[in-house]
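Engineer:
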Amino acid sequence: PFARYSHGVEVPAGKRLVLCSGQLGIGADDHVPEDAGAQAELCFKNIAAILSEAGLTLNDIVRINAFVTDRAHLQPYMDVRNRLFSDPAPASTLMIVSGFARPEFKVEVEVLAAG
C-alpha cells in the first residue's frame, strides 16, 4: 500500500465486533472546524468515545471506511490516520464523495472494531 493500511485483517475467533456509524468532524459544542485535518481528528475522537463505551480503543479497529469531499482533503485525513494507527494498521478504504448532510462537513469516518 502507498499509505498506512493493511490489505487484509483477520479477526481472531472469539472476538466480538463493534460497528460504528459514520462520524463527522463536529465537536460536542457543535463546532465544525474549517480544516479537513481537524475534522478528521474529531471524527476519530468521536469514534474513540463510542468504542470506549464498549470497552475498546482505537487500537481495536480492524476496518476503516473514510469519505472526504475533495481530493485536497485526502492528505490531511491520511496524516491523521497514519499518526493514530501503527502496524499492523486496519484495512482501510478512502473515497471522495460529492458531499454530506451539511456543506461544512469535509470528512466522515466509519469503523469496525474487534475486541
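In case it helps, the numbering used here puts the sequence shown at residues 271 to 385. Built from N, CA and C at the ideal position, the CB exists for glycine as well. Everything numeric in this text was worked out from a predicted model, so none of it was measured.
(1) If we ignore side chains and look at the alpha-carbon of each, how far apart do T339 and H301 end up?
(2) Taking the alpha carbon of A306 as the reference point, which residue from L344, L289 and L364 has its own alpha carbon closest?
(3) Suppose you measure from the CA of E311 to the CA of G295; what does that come to, to the nearest Å?
(4) Please name the residue or residues paired with S276 in a DSSP beta bridge.
(5) Taking the alpha-carbon of I320 as reference, which of R351, C290, M348 and Y347 has the nearest alpha-carbon?
Structural biologist: Inspection of the coordinates gives the following:
(1) 18 Å
(2) Ranking L344, L289 and L364 by Cα distance to A306 puts L344 first.
(3) 7 Å
(4) A361
(5) C290
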